[in-house]
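Structure first, commentary second.
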Amino acid sequence: MQNASGRFPVRKIVVAGLMSAIAIFLGATGLGFISWFAGVSITIMAVPVIIGAVMEGPVVGLVVGFLFGVFSLIQAAVAPKSPLDPLFVYPWLSILPRLFIGPAAWIVYVSAKKLSALIGKAGEPVALVLAGIAGSLTNTVLVLGMLGVFYLGYLDWLTWPWIGSIVVANGLPEAGAAAVLTLAVVAAWQGIEHGRRKSRLEEE
Amino acid sequence: MRNTEFLRNVTIGQYLPTDSPVHRLHPTTKMLMGGFCVVAAIISGSLGGFVIMVLAVTAALRLARIPLLYAYRGLRPAVPIIVLVAALQILFASQSDGGAVLWSGWIITITAGDFLVAATMAVRLVVLILIISFFTFCTSAKELTHGTEQLLRPLGRIGFPAHELALVLTIALRFLPLLAMEAERLVKAQVSRGADFGKRRMGLFKRVYRMFPLLVPLFLASLRRGEHLVLAMEARCYTGGKGRTRLVRFRFGPADGAAITAVVLLVAAVLAAHFLRLDSVFLPRLEGF
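This is the structure in structure tokens:
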């Protein structure tokens, strides 16, 4: 069916809106924070951005990341969820890092699929997992990096090792959770699509 | 689960419909005002400028008939981080011209200037929180989308997908209550089948794992709704934003002109205080951020 909207087909707009809604919802209700211990929590709010990018491309990922960032900025001012939250009223903490989640996830996804095609294996699940990890790590590294650059510059004997340890301790479990969630959702969705559109006689 | 009533929490900011002159401004005006003030607060580093902004926002809150106590209570969650950042600044950073060194030991250096810099950083954070909160008090979600589209429309003429971006925002905001209802339904369904989202002590793995029966169906249900929406839009021959008119129209009035002028003057004053170093004769300035 001819996409009547020209450069920005309807599906991309709708998926971008949906994933943004989920990202905002996860942030606003606190569901996006899975608490670990003593106030530390891992966040899965990068996942809608990653899924949007994997399913509909880097532009959608960029838009979802941007809206996620804007609403986390508003959220930080009006209803902060954690003690560190109010700092996110600064756009270079809330918006700038989040712009990169989608494109990063997309690049990794597409590259992984191409690589696995070369090798000859069905690389979809692996590509999804890697995209999830890449997107989540992008979020963690960039946000913590911005924190380090702007607010901890004078602790330079301490800053980067400390931030590095947070990336490992907090960022790796987040990346794992994001990877599994991305795989689960996208694989289920593609299964649904295949089930509906393709007949059983076709090769998967 | 501690709270299955998600609907209540899904609001962006707290819109207070007090029907004041400020509320009746065009949404784009409000966005521009908020934007200018935020940018000014970020660029500027002068404590005097920030104090001016706090006074201006307070006056605006009165004009918008928003209870001052309510607005200022919103600052309470920010107190811990303000104290922390101020403490870090006082203890570890030192300004080269910060005045007398009060105490110096180990890795800690406290100069007189540190306190004022810490105060400036604190007030800047307060200013930003107040501006953004004020914006959400006066602007409803519907106005937000109208304002965004209107604001971006000039860019649309040079090929920027203004209408599409505004539509993405509209869809996102429209879906929030639907998501909340869906999530509530999912939680109740899972719990009635014996799922346990409880807060008992369990490892991270298990905790993440237990969120999946809620999260995965939430995504999939949304995507399915999205398919319906795509079908509906294409069936109604959606062709993008060219020549599209709106049912609800906001009009610019003289009040908007007055508001923008006031904000421009305020921003000019704040930036002047910063760049002309009007108050740094006796106060330090923040360089950078």
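One line per chain: the protein sequences are A and B, in this order.
Here the first sequence is numbered in the numbering used here, starting from 171 and rising by one per residue.
Here the second sequence is numbered in the numbering used here, starting from 790 and rising by one per residue.
Yeah, the Cβ is synthetic: ideal placement off N, Cα and C, and Gly gets one too.
Just so we're clear, the structure is a prediction, and the values are computed from it rather than from any experiment.
Practice prompt. Using a Cβ cut-off of 7 Å (strictly closer), state whether I900 (chain B) contacts chain A.
Written response: Indexing the second sequence from 1 puts residue 900 (chain B) at position 111. Note that residue 900 (chain B) is Thr in the sequence shown, not Ile. Chain A contact via Cβ: absent.
Worksheet item: Expressed to the nearest angstrom, what Euclidean distance is found between the alpha-carbon atoms of L940 (chain B) and T898 (chain B)?
Response: For the purposes of this step, residue 940 (chain B) is taken as the residue at position 151 of the second sequence. For the purposes of this step, residue 898 (chain B) is taken as the residue at position 109 of the second sequence. One C-alpha to the other measures close to 48 Å.
Worksheet entry | Beta-carbon proximity of I855 (chain B) to P253 (chain A), cut-off 7 Å | Along the second sequence, one-based indexing puts residue 855 (chain B) at 66. Along the first sequence, one-based indexing puts residue 253 (chain A) at 83. Result no, Cβ atoms of I855 (chain B) and P253 (chain A) do not sit closer than 7 Å.
Worksheet item: Is DSSP giving T213 (chain A) helix, strand or coil here?
Response: Within the first sequence, the letter at position 43 stands for residue 213 (chain A). DSSP places T213 (chain A) in strand when its eight states are reduced to three.
Fill in: Environment of G983 (chain B) [buried if 16+ CB atoms lie within 10 Å]
The residue given as residue 983 (chain B) occupies position 194 in the second sequence. The residue in question, G983 (chain B), is exposed, as its Cβ has fewer than 16 Cβ neighbours within 10 Å.
Worksheet item: Is the CB of F195 (chain A) under 7 Å away from at least one CB in chain B?
Response: In the first sequence, residue 195 (chain A) corresponds to position 25, counting from 1. True, the Cβ-Cβ gap to chain B drops below 7 Å.
Worksheet entry | A961 (chain B) versus B:L975, B:L933 and B:P943, residue with shortest Cα-Cα distance | For this step, residue 961 (chain B) is matched to residue 172 along the second sequence. Checked all of B:L975, B:L933 and B:P943; the closest Cα to A961 (chain B) is B:L933.
Practice prompt. Taking all protein chains shown into account, decide if T1050 (chain B) is buried (16 or more other Cβ within 10 angstroms of its Cβ) or exposed.
Written response: Your numbering for residue 1050 (chain B) matches position 261 in the second sequence. Classification of T1050 (chain B): exposed, given that the 10 Å Cβ count is below 16.
Worksheet item: Looking only at DSSP bridge pairs, what is F203 (chain A) linked to?
Response: Here residue 203 (chain A) is taken as the residue at index 33 of the first sequence, counted from 1. For F203 (chain A), which the question treats as bridged, DSSP gives the partners A:T213.
Worksheet entry | Residues of its chain near H930 (chain B), where Cβ-Cβ distance is below 6 Å and the 5 sequence neighbours each way are ignored | Against the second sequence, residue 930 (chain B) aligns to sequence position 141. The residue you asked about is not His; residue 930 (chain B) is Ala in the sequence shown. Contacts found: L962.
Fill in: Identified DSSP bridge partners for T1034 (chain B)
Residue mapping note: residue 1034 (chain B) aligns to position 245 of the second sequence, counting from 1. The partner list for T1034 (chain B) (beta bridge, DSSP) is empty, contrary to what the question assumes.
Worksheet item: Roughly how many angstroms separate the alpha carbons of L821 (chain B) and H815 (chain B), rounded to a whole number?
Response: Start at 1 with the first residue of the second sequence, and residue 821 (chain B) comes out as number 32. Start at 1 with the first residue of the second sequence, and residue 815 (chain B) comes out as number 26. Straight-line Cα distance between these residues: approximately 10 Å.
Practice prompt. Quick one: using the 10 Å Cβ neighbour count with 16 as the cut-off for buried, is G1046 (chain B) buried or exposed?
Written response: Position 257 of the second sequence, counted from the first residue, corresponds to residue 1046 (chain B). G1046 (chain B) is exposed by the Cβ-count criterion.
Worksheet item: Under a Cβ-count criterion, where at least 16 other Cβ atoms within 10 Å of its own Cβ denotes burial, should R181 (chain A) be classed as buried or exposed?
Response: Residue mapping note: residue 181 (chain A) aligns to position 11 of the first sequence, counting from 1. Buried, by the Cβ-count rule.
Worksheet entry | Per-residue DSSP class, three states only, for H812 (chain B) | As a working mapping, residue 812 (chain B) is identified with position 23 in the second sequence. It is coil, neither helix nor strand.
Worksheet item: List, in order along the chain, the chain B residues whose C-beta lies closer than 7 Å to that of R181 (chain A)?
Response: As a working mapping, residue 181 (chain A) is identified with position 11 in the first sequence. The answer, in chain order, is V1019.
Item to complete: Would you check if the distance between the CB atom of P295 (chain A) and the CB atom of L353 (chain A) is smaller than 7 Å?
Response: As a position in the first sequence, residue 295 (chain A) is number 125, starting the count at 1. As a position in the first sequence, residue 353 (chain A) is number 183, starting the count at 1. Yes, they are a contact pair.
Fill in: Where T352 (chain A) sits in the DSSP three-state scheme
What you label residue 352 (chain A) is simply residue 182 of the first sequence in a count that begins at 1. Helix.
Worksheet item: Expressed to the nearest angstrom, what Euclidean distance is found between the alpha-carbon atoms of E953 (chain B) and T1028 (chain B)?
Response: Stepping through the second sequence from its first residue, residue 953 (chain B) is reached at position 164. Stepping through the second sequence from its first residue, residue 1028 (chain B) is reached at position 239. Their backbone Cα atoms lie some 11 Å apart in a straight line.
Worksheet item: What three-state label does DSSP hand T308 (chain A) in the structure shown?
Response: Against the first sequence, residue 308 (chain A) aligns to sequence position 138. Helix, per DSSP.
Discussion item. According to DSSP, simplified to helix, strand and coil, what is R862 (chain B)?
Written reply: Sequence index remark: in the second sequence, residue 862 (chain B) carries index 73 (1-based). Looking at R862 (chain B) - three-state DSSP - the assignment turns out to be helix.
Fill in: Distance between I336 (chain A) and G315 (chain A) (C-alpha atoms, nearest Å)
As a first step, residue 315 (chain A) must be located in the first sequence, where it is residue number 145. As a first step, residue 336 (chain A) must be located in the first sequence, where it is residue number 166. Rounded to whole angstroms, G315 (chain A) to I336 (chain A) spans 11 Å at the Cα level.
Worksheet item: For G361 (chain A), which of B:V872, B:V1052, B:A955 and B:L1012 has the nearest alpha-carbon?
Response: As a working mapping, residue 361 (chain A) is identified with position 191 in the first sequence. Cα-wise, what sits closest to G361 (chain A) is B:L1012.
Worksheet item: Cα separation between L266 (chain A) and I204 (chain A)?
Response: What you label residue 266 (chain A) is simply residue 96 of the first sequence in a count that begins at 1. What you label residue 204 (chain A) is simply residue 34 of the first sequence in a count that begins at 1. Their Cα atoms are separated by approximately 24 Å.
Discussion item. Does P295 (chain A) come out as helix, strand or coil in the three-state DSSP assignment?
Written reply: Indexing the first sequence from 1 puts residue 295 (chain A) at position 125. It is helical.
Discussion item. Against chain A, which members of the segment 935-953 of chain B pass a CB distance test of less than 8 Å?
Written reply: P950 and E953
Worksheet item: Exposed or buried, which one is G948 (chain B) when buried takes at least 16 other CB atoms within 10 Å?
Response: Locating residue 948 (chain B) in the second sequence gives position 159, where the first residue counts as 1. It counts as exposed.
Worksheet item: Do V240 (chain A) and G222 (chain A) come within 7 Å of each other at the CB atom, strictly closer than that value?
Response: Sequence index remark: in the first sequence, residue 222 (chain A) carries index 52 (1-based). Sequence index remark: in the first sequence, residue 240 (chain A) carries index 70 (1-based). Result no, Cβ atoms of G222 (chain A) and V240 (chain A) do not sit closer than 7 Å.
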